[in-house]
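Take my numbering: the last position of the sequence shown gets the number 938, and nothing is skipped along the way. Data block below; observations after.
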Amino acid sequence: MARQPNDPALTTYIGQRDDLIALAHSIVGNAQTAEDVVQDSWLRWIGKSYPKDRAAPILRRIVANLAKDWHRSSKVEERAMREQALLHDPSLDSERIVMARQDLAEVVSILNELPERTLAAFRMHRLEGLTYREIGVRLEIGTTRVHQLVQAALVHVALRRNGH
775 MARQPNDPAL TTYIGQRDDL IALAHSIVGN AQTAEDVVQD SWLRWIGKSY
825 PKDRAAPILR RIVANLAKDW HRSSKVEERA MREQALLHDP SLDSERIVMA
875 RQDLAEVVSI LNELPERTLA AFRMHRLEGL TYREIGVRLE IGTTRVHQLV
925 QAALVHVALR RNGH
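Have a look at this one:
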């Protein structure tokens, strides 16, 4: 959908672009990524039918959400890269590596015993780094219930690993 130059949303976007970049930068910590996030926010804006008279707060929210998503993703990726590097560290003896892989396989197997919603809540919290509130929004449940699900997953793993 092509936007006309007199589009109030486009005018808002152009007028607040520097502020949006600053917002994204404060979250992602990188100028180039911040600019990418702001560009992506505009693409998201034009792909939806948001009310044009609310462009400023909606664009800010889109930028903040995309920046947080990028930040979370990068943290997960960094953690995976560190763990991968650790597995290939020549200073680790092969016996410890095999034991660690067996432990991981056991935990994954135990987690797969969980009900889908419990596993999803656990995965979002422990692997994606989402808050209970963010998980609650995604699963359409309250934060107390999210806490219960994550705790249930942890207790289940602990009990199964200890032979119960």
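For every residue, glycine included, the Cβ atom is placed at its ideal position computed from N, Cα and C.
- In this structure, DSSP gives residue 905 a state outside helix and strand, which the three-state scheme calls coil.
- Put simply, the backbone Cα of residue 840 is about 10 Å away from that of residue 808.
- Judged by DSSP in its simplified three-state form, residue 825 adopts coil rather than helix or strand.
- The C-beta distance from residue 844 to residue 802 rounds to 6 Å, short enough to meet the 8 Å contact threshold.
- Within the stretch 835 to 903, no complete beta strand (DSSP E) segment of 3 residues or longer occurs.
- Under the three-state reduction of DSSP, residue 937 is assigned to coil, being neither helix nor strand.
- Per DSSP, reduced to three states, the secondary structure at residue 803 is coil, with no helix or strand assignment.
- Between residue 794 and residue 815, the gap from beta carbon to beta carbon is short of 8 Å.
- By the criterion of at least three beta-carbon pairs nearer than 8 Å, the stretch 865 to 880 is not in contact with the stretch 912 to 922.
- Looking only at 875, 842, 813, the smallest Cα-Cα distance to residue 857 is reached by 875.
- Contact check for residue 837 against residue 901 fails: the beta carbons are separated by 8 Å or more.
- Residue nearest to residue 929 within the set 888, 819, 907, 894 is 888 (criterion: CA-CA distance).
- Of the residues assessed, residue 786 falls on the buried side of the cut-off, its CB having 16 or more other CB atoms within 10 angstroms.
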